[in-house]
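A.B. asks:
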Amino acid sequence: MLNRLDGKYIYTFLKVYEQRNISRASIILGFSQSTVTNHIQILEDILNVQLFHRTLNGVTPTEKGELFMKYAREFFKLAEELKDNINKTYGVLRVKALESFCVTHFSNPIIDFLKNYEEVEIKLTTGFHQDIIEDVISQKVDFGIIPFDPRMSKITYTPLLEEEFVFIMANDREEKKLLSSNINVIGFGGNCIYQSMANQILIDHEKFDYKNIEYASLEMIKQTVLSGTGIALVPKCSVMNELSLNKLKILNLGEPITIKHGIIELKSKQNNPISELFKHFILDCFNPTKQ
1 MLNRLDGKYI YTFLKVYEQR NISRASIILG FSQSTVTNHI QILEDILNVQ
51 LFHRTLNGVT PTEKGELFMK YAREFFKLAE ELKDNINKTY GVLRVKALES
101 FCVTHFSNPI IDFLKNYEEV EIKLTTGFHQ DIIEDVISQK VDFGIIPFDP
151 RMSKITYTPL LEEEFVFIMA NDREEKKLLS SNINVIGFGG NCIYQSMANQ
201 ILIDHEKFDY KNIEYASLEM IKQTVLSGTG IALVPKCSVM NELSLNKLKI
251 LNLGEPITIK HGIIELKSKQ NNPISELFKH FILDCFNPTK Q
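The opening position of the sequence shown corresponds to residue 1 in my numbering, with each subsequent residue numbered one higher.
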């Protein structure tokens with residue numbers, strides 16, 4: 001019997017049952033009256049029972065029709081649940097990015113993605129530039145967000161956004177006095193690519209008497225600079241409030257510093273539907289006109 005049952009016959013039955021009329025059911029279904037009648041007859045033949053009594057004003061369900069109605073409704077309820085569940089996006093995504101990028105740019109896209117896809121879990125961790133690349137290659141994470149294209153054959157790099165970086169110092173400190181003595185460079189430490197850039201820029205300006213001070217978060221770096229302890233190279237967007245309030249000022253050390261962030265993934269890895277969805281969602285957040 002199961003190999004002969006067709007969902008459209010059961011759906012037709014339910015509409016005839018609800019309307020108690022072949023003509024009205026045919027209008028709702030978009031079928032001709034003869035097609036609706038044929039569907040009911042096929043069902044009755046398969047089940048070997050009469051499902052409706054025919055009357056002058058329409059139809060009424062038989063006792064067997066009432067019984068079949070309970071199973072027909074359950075069938076469509078299960079069919080809808082199957083459709084919802086099979087199309088549902090769920091799973092775990094592992095993403096790693098620089099702490100400063102998470103603070104300044106990544107929180108809102110992640111929140112928006114999770115609002116749209118509530119069944120997806122994102123495990124977001126932070127790390128340094130080289131650590132992120134290594135974790136992508138070793139498949140410890142699905143995606144990484146890094147500054148600069150690593151130009152590696154194993155890695156696919158897709159640009160996300162360009163942003164300006166600036167050296168900052170406390171507004172109440174004198175620039176000449178600060179640069180004439182030993183300079184404290186506040187940052188994330190020797191493994192941080194921004195710290196390496198800051199050190200190199202100082203060397204290029206023949207400022208060799210500097211010392212690195214390491215902190216674990218962007219907020220701690222800002223607070224230390226605000227105290228007048230030293231300078232730091234940070235995303236400009238992360239200090240706009242302090243700049244507008246004249247708590248910090250920009251230390252000009254040559255040409256503007258622009259960094260291009262991008263999303264990286266292992267080239268040889270086959271992305272699952274969730275990964276593809278996440279990647280396009282993030283790209284659309286940062287480059288909406290290009291999607």
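Every residue gets a Cβ at the ideal spot worked out from N, C-alpha and C, and that includes glycine. Just so we're clear, the structure is a prediction, and the values are computed from it rather than from any experiment.
1) Is the distance from the Cβ of Ile10 to the Cβ of Ala72 below 8 Å?
2) Taking Phe52 and Ile40 to be in contact with their CB atoms under 8 Å, please state how far apart those CB atoms are, rounded to whole angstroms.
3) Do the region 156 to 163 and the region 208 to 217 meet, that is, are 3 or more Cβ pairs less than 8 Å apart?
4) Specify, as a first and last residue, the run of the beta strand (DSSP E) that Lys279 falls within.
5) Of the choices Lys123, Leu178, Gly144, Leu82, whose alpha-carbon is the least far from that of Ile133?
6) Note down the Cα distance separating Gly58 from Ile42, rounded to an integer number of angstroms.
7) Hey, could you find the ends of the alpha helix (DSSP H) Gly262 is sitting in?
8) Is the Cβ-Cβ distance between Met169 and Leu251 less than 8 Å?
9) Quick check on Phe13: does DSSP put it in helix, strand or coil?
10) Cα-Cα, which of Thr104, Pro109, Phe165 is closest to Asn287?
11) Taking all protein chains shown into account, do 16 or more other C-beta atoms lie within 10 angstroms of the C-beta of Gly228, making it buried, or fewer, making it exposed?
12) To the nearest angstrom, how far is the alpha carbon of Lys77 from that of Lys70?
13) Helix, strand or coil for His205? Go by DSSP, reduced to three states.
14) Label Asp149 either buried or exposed according to how many other C-beta atoms from any shown protein chain fall within 10 Å of its C-beta, with 16 as the threshold for buried.
15) Are the CB atoms of Lys247 and Asn171 within a distance shorter than 8 Å?
16) Ends of the beta strand (DSSP E) at Met152?
17) Check whether the Cβ of Cys102 sits closer than 7 Å to any heavy atom of the ligand NAD, and report yes or no.
C.D. replies: In short:
1) yes
2) 7 Å
3) no
4) Note, Lys279: premise wrong, no beta strand (DSSP E); alpha helix (DSSP H) at 273 to 286.
5) Gly144
6) 19 Å
7) From DSSP, Gly262 is part of no alpha helix (DSSP H) but of the beta strand (DSSP E) over 257 to 266.
8) yes
9) helix
10) Pro109
11) exposed
12) 11 Å
13) coil
14) exposed
15) yes
16) Segment: none, Met152 is in no beta strand (DSSP E) and carries neither H nor E.
17) What this structure holds is no ligand at all, so the ligand NAD is not there to describe.
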